[in-house]
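Chains as they are written, first to last, in the numbering used here: chain A, 188 to 719; chain B, 101 to 425.
Structure, rendered in structure tokens:
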């Protein structure tokens, strides 16, 4: 047990020094000292609770994806059956109860309709997207398959993640982290942010822009009562618009979606000098917008953003340039935010902020200082207690403790893990617990000496007999640590990381290293008596 | 140099003599803890209750206008906001629980947070938001569920490990000691109505790991002594084991305590609850190692044969029956 050949000593020292030195870039950077480039290396990341920043958890509602698919399906079914040769007439179309159902005017057309709709039902992917059933001989009912919907939700979340990334990049923040979590969630972490509200506004805006024709036949009295003509729907005006609180009746189908934009800029209206957003369509979108405006000169259309009407101007003339201007009660800031959102594309689903953790940069700085101070004083007390109680063995324990702290930090830097505020508590706990192994060993040596064993045998037995309990205790701590890691997110996970790494390093430093030192001392001095 | 010996050598305290009264007291304490948790309830922070906790500094004022904040924020119709000093005199924490109307509306929490910040900054331009924790009802519900599972699973997994390494009686003893530690910690949080957050769950999970260190040391010695003194009556043997390891039990807890004490006294304000829970857990855990985990072995019927393979016991009895021994 006390035999340490040269190769063993060299490799133990090499591991110790390598990992301890790896802590230096983190320590210097925490205390604000710049290292020369040759000495620099990986550092621990600071968690948002120490560095300052925002952690935002966004969630999408999958039922919204389902509703949108249903609406698209309705539009496609109507289009295909209308364009069929000869035209297939349907009626009593309903999208209630999450299914699309319609009546065939001529029941004998069912098979032809089924054939026409087959590509839509099968979809383009590997899974069948819709189920088709025929009821009462003349009613076709389309329901979404579970796999089809799951696939649609996954696609929507993938593209939502991209949109979120583009928007945050547009803000010019440094090193944002954007990760999909589970089926319907996105985690956004942005360090050191001046104005978290700006970020939240940007993420909260779906930016689904639609141009729909105003239903000119709607009676104001009907609108006031909340009744829309068949084929029309009532859309509220946005709170910031000039007609807040009122509704507009628009044609449900036949509009244009604003997801085919190539550009969006905040600018000012040439006449009123009011902030506006200028948008440019891509070729396809421009052509459709030109067609819509040509066919409807003199009629009003509603510009709808996220299911709220911003404004409802006239098509004064055909708009063939492929660009347009959106106005309606903007401030420069809100126009700018909308421009960013439109540039980065609409979110395919609404995202709701369901959790936010924001820490200002000053608070984090204060926490590091207070934590480091408390850690220093705590270490000092532990060291005093250990040396006063175990003498030489306490000194060994102290040196081991120093290496232990450095090695934990070094490993964290190598593994690119994050130090959080609870992680500081983890360090302090590790300091208090790491010397426990030395307590057990030293006490056992005391005991063996009392039983009359000679020095070398007592030390050897001390390490051997204490190891069992040290091993068991560390395994139980490890179990708790792993559960802590699995359970926790963010800050709590940082706590678990420090505890788990600390378990491994403390066994190494407190058991292996001290044994090497004690062995060296026994070999050199051959003491007949030890004071422990 | 004369070394410090906090625990004298060769103590002979008869811990086991009072095991029945100690057990009754401990069981009563566990029952009282759960009664408190169930009647008074835990003071859930935003992590578990949903809502928001905002901390901030009034940069140009000596003292935070707490009374005034209470009045202005009270009129927002968000229920009773909890406004406290947090750290320095010009720093406050504003905690608002999610109103019941927010149920099923995941966006409500974030909207209310914005409303609070806007209201405060409208009257005090020098108000700097230091932190903002906003948790919707959905997320807080998930946290509650996850916490319960994590605690239960940690206790069971560790007890199972002790069972494998020792004997089933020791596993049951460890589980009981852990249950005692967790119950009393929860009870204290219910009694003093300290804010109960995710950090506290993390602290309890750490306690579950560390409070067992002492138990393992005692159990390890019991196992050793069971093999060594095969004829010694169990209560006597347990007393001997606890006494022999007493210095260790005290010292290992003490090193943890002195390391944590400065963090408790002048560490970051937002760590106070977590560190307090760990410190509390260390006390409770040390007590339970000595007074709970060891004595229960008497009732669970540990014998010196517990660590001899069963077949050997059976063989011995057979031999005895045949009159060979």
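All C-beta atoms in this analysis are idealised placements derived from N, C-alpha and C, irrespective of residue type, glycine included.
Please read all numbers here as calculations on a predicted model, not as lab measurements.
Please list the partners that residue i has in chain A, where partner means a Cβ-to-Cβ separation under 7 Å.
i, result
"residue 330 of chain B", "Those within 7 Å of residue 330 of chain B in chain A number zero; the least Cβ separation is about 19 Å."
"residue 265 of chain B", "659"
"residue 246 of chain B", "674"
I want to verify the contact list: residues of chain A whose CB lies under 9 Å from the CB of residue i, in sequence order.
i, result
"residue 195 of chain B", "The premise fails here: residue 195 of chain B is roughly 14 Å from chain A at the closest Cβ pair, so nothing lies under 9 Å."
"residue 229 of chain B", "383, 545, 547"
"residue 366 of chain B", "557, 560, 561, 564"
Please confirm if residue i has its CB atom under 7 Å from at least one CB of chain A.
i, result
"residue 169 of chain B", "no"
"residue 352 of chain B", "yes"
"residue 211 of chain B", "no"
"residue 181 of chain B", "no"
"residue 199 of chain B", "no"
Report the neighbours of residue i on chain B: residues whose CB is nearer than 8 Å to its CB, in chain order.
i, result
"residue 609 of chain A", "299, 302, 371, 374"
"residue 569 of chain A", "355, 358, 359"
"residue 618 of chain A", "359"
"residue 244 of chain A", "239"
"residue 698 of chain A", "In chain order: nothing, as chain B lies at least about 15 Å away."
Is residue i helix, strand or coil when you go by DSSP?
i, result
"residue 458 of chain A", "coil"
"residue 289 of chain A", "strand"
"residue 308 of chain A", "helix"
"residue 440 of chain A", "coil"
"residue 602 of chain A", "coil"
"residue 231 of chain B", "strand"
"residue 478 of chain A", "helix"
"residue 506 of chain A", "coil"
"residue 246 of chain A", "strand"
"residue 195 of chain B", "strand"
"residue 365 of chain A", "strand"
"residue 233 of chain A", "strand"
"residue 329 of chain B", "coil"
"residue 345 of chain A", "helix"
"residue 394 of chain A", "coil"
"residue 308 of chain B", "helix"
"residue 213 of chain A", "helix"
Can you name the residues of chain B whose CB is closer than 7 Å to the CB of residue i?
i, result
"residue 541 of chain A", "206, 236, 238, 239"
"residue 469 of chain A", "Within 7 Å Cβ-Cβ: nothing; residue 469 of chain A doesn't reach chain B, min ~32 Å."
"residue 664 of chain A", "309, 310"
Taking the continuous beta strand (DSSP E) assigned at residue i, which residues delimit it?
i, result
"residue 140 of chain B", "Segment: none, residue 140 of chain B is in no beta strand (DSSP E) and carries neither H nor E."
"residue 652 of chain A", "Per DSSP, residue 652 of chain A belongs to no beta strand (DSSP E); it is in the alpha helix (DSSP H), 642 to 674."
"residue 318 of chain A", "317 to 322"
"residue 184 of chain B", "182 to 186"
"residue 260 of chain A", "No beta strand (DSSP E) contains residue 260 of chain A, which is instead part of the alpha helix (DSSP H) from 249 to 270."
"residue 423 of chain A", "419 to 423"
"residue 279 of chain A", "277 to 281"
"residue 156 of chain B", "151 to 158"
"residue 542 of chain A", "538 to 546"
Considering just the uninterrupted stretch of the alpha helix (DSSP H) at residue i, what are its terminal residues?
i, result
"residue 335 of chain B", "334 to 344"
"residue 616 of chain A", "608 to 637"
"residue 412 of chain A", "407 to 412"
"residue 245 of chain B", "237 to 265"
"residue 374 of chain B", "372 to 388"
"residue 712 of chain A", "701 to 712"
Flag residue i as yes if its beta-carbon sits less than 7 Å from any beta-carbon of chain B, otherwise no.
i, result
"residue 315 of chain A", "no"
"residue 649 of chain A", "no"
"residue 576 of chain A", "yes"
"residue 550 of chain A", "yes"
"residue 655 of chain A", "yes"
"residue 231 of chain A", "no"
"residue 622 of chain A", "yes"
"residue 572 of chain A", "yes"
"residue 422 of chain A", "no"
"residue 321 of chain A", "no"
Verify the contact flag: residue i, CB atom, against every heavy atom of the ligand PLP, threshold strictly below 6 Å.
i, result
"residue 475 of chain A", "Absence of the ligand PLP is noted for the structure shown, with no ligands found whatsoever."
Report the neighbours of residue i on chain A: residues whose CB is nearer than 8 Å to its CB, in chain order.
i, result
"residue 317 of chain B", "627, 656, 660"
"residue 258 of chain B", "663, 666, 667"
Residues, ordered as in the chain, of the segment 670 to 681 of chain A that lie near chain B by beta-carbon distance below 8 Å
670, 671, 673, 674, 675, 678, 679
Under 9 Å, CB to CB, which of the residues in the segment 630 to 649 of chain A have a partner in chain B?
630, 631, 633, 634, 637
Contacting positions in the segment 371 to 402 of chain A - beta carbon closer than 9 Å to chain B
Using a CB distance below 9 Å, the part of the segment 371 to 402 of chain A facing chain B consists of 383, 384, 387, 391, ordered along the chain.
Mind checking the segment 577 to 609 of chain A against chain B and listing, in chain order, the residues whose C-beta falls within less than 8 Å of any C-beta there?
577, 578, 608, 609
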